[in-house]
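Here's the structure we're looking at; comments come further down.
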Amino acid sequence: MLKSFRQLIKSLILFWDIKQYCKQKKVYCKINNFFYTIKISQKTPAPSLYFIIVLQKNNYKTKVNRIRKKETTAQVVLLTSEIDYQYLFNNHLELLGVIDLSANTSYTSQLKLLKEYIDTFIATTEKNI
163 MLKSFRQLIK
173 SLILFWDIKQ
183 YCKQKKVYCK
193 INNFFYTIKI
203 SQKTPAPSLY
213 FIIVLQKNNY
223 KTKVNRIRKK
233 ETTAQVVLLT
243 SEIDYQYLFN
253 NHLELLGVID
263 LSANTSYTSQ
273 LKLLKEYIDT
283 FIATTEKNI
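For the working numbering, add 162 to where a residue sits in the sequence shown, where the first one is 1.
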């Protein structure tokens, strides 16, 4: 229980830092607290980038499928502390990436990786305009 509470706090801080970084980069960023998702998009009809924080493995497929119903070309990055690659592969979730939120990786390295995803997304969507 305490472990999942710490992970929840850590993930909410990551969400806050992503929001601040998006403001700095002048890209649209919407946080959905109920589903623990962040949607990052440009003002063009280009695909969006989603970050999903998952605290339980069984939520992967549901959340990704909800996004895919709205946007078939969306890029999705999963943030979780319990990565089950076999589950991801078997369910064909088509993720851009997975970031491990376990205690083994530092907050700074996780945030750096998130910023790299955002920067790559911005560069790609600007190139396609």
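A virtual CB, placed ideally from N, CA and C, is assigned to each residue, including glycine.
Between which two residues does the alpha helix (DSSP H) carrying residue 211 extend? Counting along the chain, residue 211 falls outside any alpha helix (DSSP H), though it belongs to the beta strand (DSSP E) covering 211–216.
Extent of the continuous alpha helix (DSSP H) to which residue 190 belongs: Where residue 190 is concerned, there is no enclosing alpha helix (DSSP H), although the beta strand (DSSP E) it sits in stretches over 190–194.
For residue 205, does the three-state DSSP call read helix, strand or coil? coil
Leaving out five residues on either side along the sequence, give the residues of the same chain with a beta carbon under 8 angstroms from the beta carbon of residue 187. 280, 281, 284
Rounded C-alpha distance that separates residue 226 from residue 243: 17 angstroms
Taking C-beta to C-beta, are residue 230 and residue 236 nearer than 8 angstroms? yes
With a threshold of 6 angstroms on Cβ separation, who are the neighbours of residue 264 within its own chain once the five nearest residues in sequence on each side are excluded? 243
Taking Cβ positions, are residue 257 and residue 173 nearer each other than 8 angstroms? no
If I follow the unbroken beta strand (DSSP E) through residue 240, where does it start and stop? 237–242
What is the DSSP secondary structure of residue 267, counted as helix, strand or coil? coil
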